[in-house]
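Asker: Below you will find the structure I want to go over with you.
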Amino acid sequence: MDRPTPPEHPPGDGMYFKLLEDDGHEALERRRRRQGGPGVSSSRPPPGFYPVVTVCLASLSVILFISLIAVTAHYQNQQRGGESSSQLQTQDANVSALVASISQLQQEKKKLQEEKQQLQDQLSLTKAPGVVPPTSPPIICPFDWLSFDTSCYLISRNSRSWPEAKSFCESEGAHLAIIHTADEQTFLWERLPRGHWNAYWFGITDAQTEDQWKWVDGTPLVGGFWEVGEPNNHINEDCGYIVKTQVLERVAVRSWYDAPCSMYLPYICEKEAGPGASTALPH
Ligand code: CA
């Protein structure tokens, strides 16, 4: 290059090198003009070109920035719109469910009002003079008596002969127990305490005619719950008793025996349950 050797000047003197650059550039330009080549000045933009380009680029940046903001805002609005639509659908479903619940409750209310009216009608009928409401008799038994079906039973703690026990039961408005069904027999047997030979008189005898057993109300015995081999009238045995022992294999429906009526044994009284049954004193 034709750049002259710079004189010794302190480094950092930029103006000096700028002048040299300009001088060198102009000299190169002049040489190119002389040789007929294209000059550097022909590729330079006209004056004012860069400011215009700068302004255009700045304007374009501003337009792009504004467009970006507009697109972003539009997208967010669309999202909000979608969310709002979903919320509306959920609210519609909730409203529909509430309407259905209200309708169902109204129907139940109507039904309850009808039932209430029916009950009030029945109540007014029962309160009307001369009308007796249908009721079942209350099961009432005296203190210490057991209740089963429509009867009350007393299992005594003391012992009497069969005739004495019969009289005692009658004094209580009762009778020695008359047992017609296996359920009744089982109910009583299960309530007797176990022991070596716990025997209880009940209301059966063949004292009038041997081997013709009758209940204390005079009706003949049909069937019965005798132990195998009983009654045997072994020692002139004309009264019947129920026994419960420690032997677990024994069963309620084979627990009757006959014995002399003079024996002292506990006993079982029976009377009909009801308001009159509770008048007796506790035992
Ligand atoms: Ca007998």
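Number 100 in the numbering used here belongs to position 110 of the sequence shown; there are no gaps in the numbering. Here a beta-carbon is modelled for each residue, glycine too, at the ideal position from N, C-alpha and C. Just so you know, these numbers come straight off a predicted model, no measurement behind them.
Is DSSP giving W152 helix, strand or coil here?
Answerer: The residue given as residue 152 occupies position 162 in the sequence shown. Reduced to three states, the DSSP call for W152 is helix.
Asker: Taking a contact to mean a Cβ-Cβ separation below 7 Å, would you say Y190 touches Y247 in this structure?
Answerer: Position 200 of the sequence shown holds residue 190. Position 257 of the sequence shown holds residue 247. Contact flag unset, no.
Asker: When we look at the beta-carbon of I59 and count the other beta-carbons within 10 Å, is it buried (16 or more) or exposed?
Answerer: In the sequence shown, the residue the question calls residue 59 occupies position 69. It is exposed - the Cβ of I59 has fewer than 16 other Cβ atoms within 10 Å.
Asker: Output the boundary residues of the alpha helix (DSSP H) element that contains D207.
Answerer: Start at 1 with the first residue of the sequence shown, and residue 207 comes out as number 217. D207 -> no alpha helix (DSSP H), and no H or E assigned at all.
Asker: For D139, is the classification buried or exposed, using 16 other Cβ atoms within 10 angstroms of its Cβ as the cut-off for buried?
Answerer: Numbered from 1 along the sequence shown, position 149 holds the residue referred to as residue 139. Exposed.
Asker: Can you give the beta carbon distance from S146 to A263, rounded, assuming they're within the 8 Å contact cut?
Answerer: Translated into positions along the sequence shown, residue 146 becomes position 156. Translated into positions along the sequence shown, residue 263 becomes position 273. In fact, because the Cβ distance is near 19 Å, the residues do not count as touching under 8 Å.
Asker: Please confirm whether any heavy atom of ligand 1 lies closer than 6 Å to the CB of E160.
Answerer: Counting from 1 along the sequence shown, the entry for residue 160 is found at position 170. Result no, Cβ not under 6 Å from ligand 1.
Asker: Taking the CB atoms as reference points, tell me whether T195 and C159 lie closer together than 7 Å.
Answerer: As a first step, residue 195 must be located in the sequence shown, where it is residue number 205. As a first step, residue 159 must be located in the sequence shown, where it is residue number 169. No; because the gap between Cβ atoms is not below 7 Å, this pair is not in contact.
Asker: Given this structure, state the Cα-to-Cα distance separating S76 from A48, to the nearest angstrom.
Answerer: Taking the sequence shown and counting its residues from 1, one reaches residue 76 at position 86. Taking the sequence shown and counting its residues from 1, one reaches residue 48 at position 58. Their backbone Cα atoms lie some 42 Å apart in a straight line.
Asker: CA-CA distance, G29 and Q69?
Answerer: Reading the sequence shown from its first residue, position 39 is the one you call residue 29. Reading the sequence shown from its first residue, position 79 is the one you call residue 69. Reliability fails at G29, whose pLDDT of 45 lies under 50, so the model's placement of it is uncertain and no value is given.
Asker: Less than 7 Å between the C-beta atoms of H170 and G193, yes or no?
Answerer: Counting from one through the sequence shown, the residue named residue 170 turns up at place 180. Counting from one through the sequence shown, the residue named residue 193 turns up at place 203. Taking C-beta atoms as the reference points, H170 and G193 fail to come closer than 7 Å.
Asker: Taking just the CA atoms, how far does E220 sit from W203?
Answerer: One-based indexing of the sequence shown puts residue 203 at position 213. One-based indexing of the sequence shown puts residue 220 at position 230. Computed Cα separation, rounded: 12 Å.
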